[in-house]
Amino acid sequence: MRPDAVRVLHDKLAQRSLRRYFGILKGKYVPYFQISKLVEVNFSEDDPIEKLWHIHDNAVKKLYSIVKRIDNGEISLKELDTPKKSLLDLKIHIAKRIIQNCHFCERRCGVNRLEGQLGYCECGPEIEVSSIFHHYGEEPELVPSGTIFTCGCTLSCIHCQNWEIARHYEKGETFDPYSLALQVERLWEGGCRNANLVGGEPTPWLYHWLETFKHVRVNIPVVWNSNSYYSTETAKLLAGFIDIYLLDFKYGNNKCAERISDAPRYWEICTRNHLEALKYGELIIRVLVLPEHNRCCTYPILKWIAENLGPYTRVNVMFQYRPEYRAYEIKELRRRLTEEEIREAIEIAEKVGLKNFIT
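Residue numbers (my numbering): 639 to 997.
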């Protein structure tokens with residue numbers, strides 16, 4: 639175990655921003671997905687999507703009301719009966735509708751993936767898993783993290799460090815929901831603090847993840863490790879399912895986002911999803927500092943976080959950039975960061991008033 643992964647259990651700043659997550663680890667609280675199994679809903683699979691969303695949104699409000707009562711000790715999980723149809727069942731059904739006209743991400747390709755049609759991410763009907771393991775290189779509060787790397791991605795980052803799986807050069811192993819649920823349970827039983835859904839990008843596989851956690855029986859916190867480029871519909875389905883949003887904030891403007899990651903409207907989409915994440919779960923933000931991008935990206939990103947999410951937001955200012963994949967195609971990305979760029983990024987974080995950032 640990393641020493642900082644032990645120290646973080648007593649870190650007041652980490653506890654402040656991730657109170658519920660640490661409570662789950664102590665057995666005090668229950669992950670959202672388990673509670674969503676106990677929120678009763680009534681719907682027909684033939685209902686129009688507008689009606690399903692209306693039922694869903696009301697059920698999510700009910701879930702957070704129940705969560706508050708459970709967390710305050712007013713009721714226990716054992717007092718709740720298992721319904722015939724649950725909020726999680728409804729999320730699964732809506733996600734199945736979405737995958738047949740795919741708009742999990744903001745590219746909104748509209749393909750029917752269950753029939754084998756492929757969109758931008760090239761993800762098909764069955765979830766493809768590259769690897770499942772205990773990860774000791776994540777943020778200290780997550781370590782050891784039960785990472786499940788899936789194939790495919792909704793962005794095309796020219797400097798991608800996981801390009802083999804993001805671009806499907808590596809073929810993953812397919813899993814049915816029951817088998818993948820067993821893998822999640824084994825991670826928890828093996829000492830992992832969480833199930834870390836990562837890639838590539840987890841967004842294309844949301845339908846499969848919802849199905850998987852219907853069969854997970856342990857109280858493992860769920861981490862959504864994402865590039866933040868997902869749709870409003872996906873954000874709704876994540877509410878009441880995800881405990882920690884581990885979100886990238888890659889660019890401080892749309893020009894850099896399009897040039898490096900082929901991500902139109904990234905700023906608008908990313909900021910919207912960060913605000914939604916903070917409403918419905920706890921948040922850790924990753925900011926990967928790129929060479930020559932402190933002024934155009936690092937500064938506006940960190941300033942926006944401090945002003946809109948608060949100075950105590952947990953932020954990981956990352957200096958691990960190295961030229962990978964096709965980074966040589968962009969001049970400033972052909973090298974690592976300088977010591978001066980690293981110092982400047984830290985000074986920016988301090989200047990904008992962030993009080994809970996790590997490096």
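Glycine included, each C-beta is placed from N, C-alpha and C at the ideal position.
- Taken in chain order, the complete beta strand (DSSP E) segments of 3 or more residues contained in the segment 713-740 number zero; there are none.
- For E920, the enclosing beta strand (DSSP E) begins and ends at 920-926.
- Under DSSP, no beta-bridge partner is assigned to A643.
- Taking the C-beta atoms as reference points, I986 is found no nearer than 7 Å to L921.
- Nearest Cα to C798 within the set E827, I732, V646, N865: N865.
- Contact fails between the segment 756-771 and the segment 918-936, because fewer than three Cβ pairs, one in each stretch, are under 8 Å apart.
- Annotation for G784: the continuous beta strand (DSSP E) segment containing it runs 783-788.
- Counting only the Cα atoms, E760 lies some 12 Å from K809.
- According to DSSP, residue pairing for S864 in a beta bridge involves L885.
- From the listed residues I880, Y807, S703, the smallest Cα separation to Y659 is found for I880.
- From the listed residues K689, Y904, P782, the smallest Cα separation to P641 is found for P782.
- Secondary structure of T841 (DSSP, three-state): helix.
- With contacts defined as CB atoms closer than 7 Å, A944 and G878 fail to qualify as a contacting pair.
- Taking the Cα positions, Y816 is about 8 Å away from V854.
- Following the DSSP letters along the chain, one finds I687 inside the alpha helix (DSSP H) bounded by residues 687-709.
- Taking a C-beta distance under 7 Å as the contact criterion, G838 and I882 do not qualify as a contact pair.
- DSSP places S769 within a strand segment (E or B) once states are collapsed to three.
- By the 16-neighbour rule on beta-carbons within 10 angstroms, N680 is exposed.
- Cβ atoms of R831 and L780 come within 8 Å of each other, at about 6 Å.
- Within the same chain, Cβ atoms closer than 8 Å to the Cβ of T720 are found at K675, L676, the five residues on either side in sequence being excluded.
- When DSSP reads this structure, L835 sits in a beta bridge with I786, W862.
- Inter-segment contact for the segment 948-963 and the segment 924-939 is present: three or more beta-carbon pairs are separated by less than 8 Å.
- In terms of Cβ geometry, Y867 and E962 do not form a close pair [threshold 7 Å].
- CA-CA distance, F995 to L975, rounds to 19 Å.
- Residue burial annotation: E777 is buried, with at least 16 other C-beta atoms found within 10 angstroms of its C-beta.
- In the three-state reduction of the DSSP assignment, R960 falls in the coil class, being assigned neither a helical nor a strand state.
- Annotated as distal: W843 and T785, with beta-carbon spacing of 7 Å or more.
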